[in-house]
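Enquirer: Here you go, one structure.
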Amino acid sequence: MKRHIIALLLIISFSVTNAQTRFAGYLYTVQTGFKEKFEYSAVTIFSDGVYKTIYRIFKPGSSTNRYTITASHLKDEKKVIVEVKDERYLLSAMNGKEETTYDSPSLRLFGFRGNLAVFDKSAPNQLAVKFISSNFSYVKVSSFLGSYSDNTFQFFVFNQSDKIIEARTSNIENSKKGNTQSGPKAVFKGVNPEEDSVKSNSGWFTGTRKFCGEGDYWYYLVNISDKSITLISYPGTKNDHYKNKSQALYKINGYIQGNKIITNDPPEYRAPRFKYENGILYELNSEGGYNDYKECE
């Protein structure tokens, strides 16, 4: 397999694979009171100054992403924008966008009830969101109005007990457009030189390689030099949320200690965030398991 990629990439928690944690929600139809169950995964990423929580919705047991909902927090503007995209039908009535603002952040739900609630008290909030933690960066969605055509009102309702891991932003460096080699490399002192033999026996490589997640939604360019490791995240060819597939989302610096990848991750990561074993790169998901990224061209 060719290994002439310029940098090696690794993303934050956003691969659409069956290994990723799924939660249970439902699509609520106001007129009939019917609740259609669905499964969803949720991940967070920081991109272009925006904190995004991306939900992928599936029919129970299905591996096909039916809807994608993106909740974007613009912290400087104190604004949250939520958009739903029907992945099957371009002109779907489910496609929509709502936004809300806040004065000061808190851990309470915020948003608005909407006009429908004036006539039907059983209707969920047209838009309800809350911050995932006291970091007040990423938000989770409680309810969102999808279809409202032909006098049919359907709401996406999510499980507020779901455990969504926040992407780390304190150690993310936005890379320059079109140049994945730019920027200084991290140098870590105090690493035991006797670990070289351990490193060579663990399948580590030197240079740059590319690793792709299942479904080609994300890939990682990973560069290893001595004991320093750089992981750069890129959108894959099937990721419709990013038009410029060559622009890196962020860069994570770390170092190799023994057979481990050490990065400065938040307390939410109760296990090593990244692993590299037998030529496969692994990233911790919100369920406590790992999503795998295999070397690709």
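Residues -19 to -1, 1 to 278 in mature numbering (1 follows the signal peptide of the UniProt record, and there is no 0) are what the sequence shown spells out, letter by letter. Glycine included, each C-beta is placed from N, C-alpha and C at the ideal position.
Pull up the DSSP beta-bridge partners for Asn204, would you.
Expert: DSSP output for Asn204 lists Thr211 as bridge partner(s).
Enquirer: Which whole-angstrom value is the C-beta distance of Val65 and Ala52, which I expect to be below 8 Å?
Expert: Not confirmed; about 10 Å, so no contact.
Enquirer: If I measure Cβ to Cβ from Glu58 and keep anything under 8 Å in the same chain, skipping five residues before and after, which residues do I get?
Expert: Excluding sequence neighbours, Glu58 sits near Thr82.
Enquirer: Check whether the stretch 89 to 96 touches the stretch 69 to 78, taking contact to mean three or more Cβ pairs, one atom from each stretch, closer than 8 Å.
Expert: With a cut-off of 8 Å, the stretch 69 to 78 and the stretch 89 to 96 do not count as touching, because too few Cβ pairs lie within range.
Enquirer: Only counting the same chain, and skipping five residues up and downstream in sequence, which positions put a Cβ closer than 7 Å to that of residue 280?
Expert: Past the boundaries of the shown model lies residue 280; the chain is included only from -19 to 278, so the question cannot be answered.
Enquirer: State buried or exposed for Glu147, treating a residue as buried only when at least 16 other CB atoms are found within 10 Å of its CB.
Expert: Result: buried.
Enquirer: Any contact of the stretch 112 to 124 with the stretch 133 to 148, i.e. 3+ C-beta pairs under 8 Å?
Expert: Result yes; three or more Cβ-Cβ pairs closer than 8 Å.
Enquirer: Exposed or buried, Thr211, counting other C-beta atoms within 10 Å across all chains shown (16 or more means buried)?
Expert: Under this definition Thr211 is a buried residue.
Enquirer: Could you compute how far the alpha carbon of Gly260 sits from the alpha carbon of Lys275?
Expert: Taking the straight line from one Cα to the other gives about 7 Å.
Enquirer: Would you be able to state if there are at least three C-beta pairs under 8 Å between the stretch 189 to 198 and the stretch 216 to 229?
Expert: Yes: at least three Cβ pairs fall under 8 Å.
Enquirer: Only counting the same chain, and skipping five residues up and downstream in sequence, which positions put a Cβ closer than 6 Å to that of Glu79?
Expert: Closer than 6 Å at the Cβ level, and outside the excluded window around Glu79, lie Val63, Leu108.
Enquirer: Counting only the same chain and skipping the five closest in sequence on each side, list residues whose C-beta sits under 7 Å from that of Phe186.
Expert: So the qualifying residues of the chain are Ile205.
Enquirer: Please classify Phe19 as buried or exposed, where buried requires at least 16 other C-beta atoms within 10 Å of its C-beta.
Expert: By the 10 Å Cβ count, Phe19 comes out buried.
Enquirer: Under a Cβ-count criterion, where at least 16 other Cβ atoms within 10 Å of its own Cβ denotes burial, should Gly14 be classed as buried or exposed?
Expert: Counting Cβ neighbours within 10 Å, Gly14 comes out exposed, since fewer than 16 surround it.
Enquirer: Using a Cβ-Cβ cutoff of less than 6 Å, which residues in the same chain neighbour Asn106 once the five nearest sequence positions on both sides are dropped?
Expert: These residues qualify, in order along the chain: Gly92, Arg94, Ser124.
Enquirer: My understanding is that Thr25 touches Asn266, with C-beta atoms under 8 Å, so please give their C-beta distance in whole angstroms.
Expert: With a Cβ gap of about 12 Å, Thr25 and Asn266 do not count as contacting.
Enquirer: Just to confirm, are Ser128 and Ser73 a CB contact at a threshold of 9 Å?
Expert: Yes.
Enquirer: For the candidate residues Cys193, Asp207, Asp143, whose alpha-carbon lies nearest to that of Ser114?
Expert: Closest option to Ser114, Cα to Cα, is Asp143.
Enquirer: Could you name the residues of the same chain whose beta carbon sits closer than 6 Å to that of His54, not counting the 5 residues immediately before and after it, in chain order?
Expert: Excluding positions up to five away in sequence, the list reads Tyr32, Val61, Val120.
Enquirer: Quick one: residues in its chain with C-beta nearer than 6 Å to the C-beta of Gly77, no 5 flanking neighbours on either side, listed in chain order?
Expert: Excluding residues within five positions, the ones whose Cβ falls inside 6 Å are Val65.
Enquirer: Return helix, strand or coil for Glu278, following the three-state DSSP convention.
Expert: Looking at Glu278 - three-state DSSP - the assignment turns out to be coil, as it is neither helix nor strand.
Enquirer: Residue range of the beta strand (DSSP E) that Asn234 falls in?
Expert: Residues 231 to 238.
Enquirer: Distance check for Gly188 and Pro41, CA to CA, integer angstroms please.
Expert: Going by the C-alpha atoms only, they are around 42 Å apart.
Enquirer: From Tyr9, Phe4, Cys193, Lys224, pick the residue whose C-alpha is nearest to that of Ile213; which is it?
Expert: Among Tyr9, Phe4, Cys193, Lys224, the Cα nearest to that of Ile213 is on Cys193.
Enquirer: Give the secondary structure of Glu20 by DSSP, where H, G and I count as helix, E and B as strand, and everything else as coil.
Expert: Strand at Glu20.
Enquirer: Assign Glu258 to one of three DSSP states: helix, strand, or coil.
Expert: In this structure, Glu258 counts as strand in the three-state DSSP scheme.
Enquirer: Which residue from Tyr9, Pro253, Glu278, Gly235 puts its Cα closest to that of Met75?
Expert: It is Tyr9 whose Cα lies nearest to the Cα of Met75.
Enquirer: Considering Cα atoms alone, identify which of Tyr36, Asp29, Phe27, Ser28 is closest to Phe4.
Expert: Closest by alpha carbon: Tyr36.
Enquirer: On the CB-based measure, 16 or more other CB atoms within 10 Å of its CB, does Lys16 come out buried or exposed?
Expert: With fewer than 16 other Cβ atoms within 10 Å, it is exposed.
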